[in-house]
Amino acid sequence: MSRALIGRKVGMSQILNEEGVTAATVIDVSSCVVTQKKTQKRDGYDAIQVGFGLAKPSRVNRPLRGHFQKHRVAARRVLKEFRVDDPDEYEEGAELGADLFREGDRVRITGTSKGRGFAGVMKRWGFSGGPGSHGTGHSRRRPGSIGASADPSRVFKGKKMAGHMGHARVSTVNVKVLKVKGEDGVLVVQGAVPGPNGGVVYVQARDK
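One point on numbering: in this note's numbering, the residue at position 137 of the sequence shown is 289, and numbering is uninterrupted.
Take a look at the structure:
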């Protein structure tokens, strides 16, 4: 069975243990509910659809409103499918809590990184830039030459250049679960996770 939840990044904190002070991230995984089951016989694969965060019915479009009514669950802000070995282990409308995980588990956390807007090559890729003196003029933060003269007379695809930075799907793997607070619906994991405070993240662990 694949254990997975949708959560909201609350922020970072510190954990004091025998190893010293460890940076940690607090994730709110409360209000997760199974909104639909997918089976191999009916849909061609085994999975469950999980909803997170209550939503006002007036803020949900009509197709989704009908979907929630059909499966007899309250409207949710975020929906996400997770593959499972046996969907029959779950019931539609059942709540999934933080106690789905255990302290010491290693999980994959996926989120959307912070958007940085349009960024130059020094900020985006860590280029060193040009010299700071000796007549360089306005070339101190420029990338320098990007081509190769007459051959091949073009810029290769994938060249590191200035452009949109951040706001991309990022996964952090092998993240250790430090604390599980089932009654509060909170997970505390080691280190940083992608995205800003308040951002939606997906926490998933594959059982061996």
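Note that CB positions come from ideal geometry on N, CA and C, so glycine has one too. Predicted model only: the values in this text are computed from it and were never measured.
Contacting residues, own chain, Cβ-Cβ under 7 angstroms from residue i (five flanking each side not counted)
i: N326; result: R258
i: R321; result: T262 and T264
i: D180; result: G159, R160, V162, G337 and V338
i: H319; result: T264, S265 and G267
i: G272; result: R293 and A314
Separation of residue j from residue i, as counted between CA atoms
i: Q166; j: L330; result: 11 angstroms
i: P283; j: S297; result: 14 angstroms
i: G299; j: S305; result: 7 angstroms
i: Q201; j: A246; result: 11 angstroms
i: M274; j: F308; result: 19 angstroms
i: R294; j: R268; result: 18 angstroms
i: E405; j: H290; result: Outside the displayed span of the chain (153 to 360) sits residue 405, for which this structure offers no information.
i: G218; j: R224; result: 10 angstroms
i: P209; j: T288; result: 60 angstroms
i: L252; j: T174; result: 23 angstroms
i: V332; j: V340; result: 6 angstroms
i: A302; j: G310; result: 19 angstroms
i: K222; j: P215; result: 11 angstroms
i: G351; j: H286; result: 46 angstroms
i: L231; j: F220; result: 11 angstroms
i: E255; j: K328; result: 8 angstroms
i: L157; j: Y354; result: 6 angstroms
i: K312; j: W277; result: 7 angstroms
i: Y197; j: G249; result: 24 angstroms
i: G343; j: M317; result: 22 angstroms
i: M164; j: G172; result: 16 angstroms
Whole-angstrom C-beta distance between residue j and residue i, which should lie under 8 angstroms
i: E244; j: A199; result: In fact, because the Cβ distance is near 13 angstroms, the residues do not count as touching under 8 angstroms.
i: T187; j: G203; result: 4 angstroms
i: F279; j: G315; result: Between G315 and F279 the Cβ distance is about 13 angstroms, and since that is not below 8 angstroms, they are no contact.
Cβ neighbours of residue i in the same chain (closer than 8 angstroms, five flanking residues each side left out)
i: S154; result: F234, R235, V236, D237, Q356, A357, R358 and D359
i: L206; result: S183, A226, A227, R228 and R229
i: V345; result: K161, T177, I179, I261, G263, T324, V327 and V353
i: P348; result: K161 and K266
i: P362; result: Because the chain spans 153 through 360 in this model, residue 362 falls outside it and cannot be assessed.
Residues near residue i by beta carbon distance below 6 angstroms, same chain, minus five either side
i: V212; result: A227
i: G281; result: M274, R292 and R293
i: D195; result: none
i: G334; result: G249, A250 and D251
Minimum Cβ-Cβ distance from residue i to chain B less than 8 angstroms
i: A226; result: Included in the structure is just one protein chain, with no chain B present.
- Identify every run of the alpha helix (DSSP H) within the stretch 158-210, keeping only runs that are complete inside it and at least 4 residues long; order them along the chain. Runs of the alpha helix (DSSP H) inside the stretch 158-210: 192-195.
Ranges of the beta strand (DSSP E) found wholly within the stretch 203-272, counting only runs of at least 3
Secondary structure remark: continuous beta strand (DSSP E) runs of at least 3 residues inside the stretch 203-272, in chain order: 228-235, 258-264 and 267-271.
At 4 residues or longer, and completely inside the stretch 270-336: list those alpha helix (DSSP H) runs for me, N to C. For the stretch 270-336, whole alpha helix (DSSP H) runs of length 4 or above, ordered along the chain, are 273-277.
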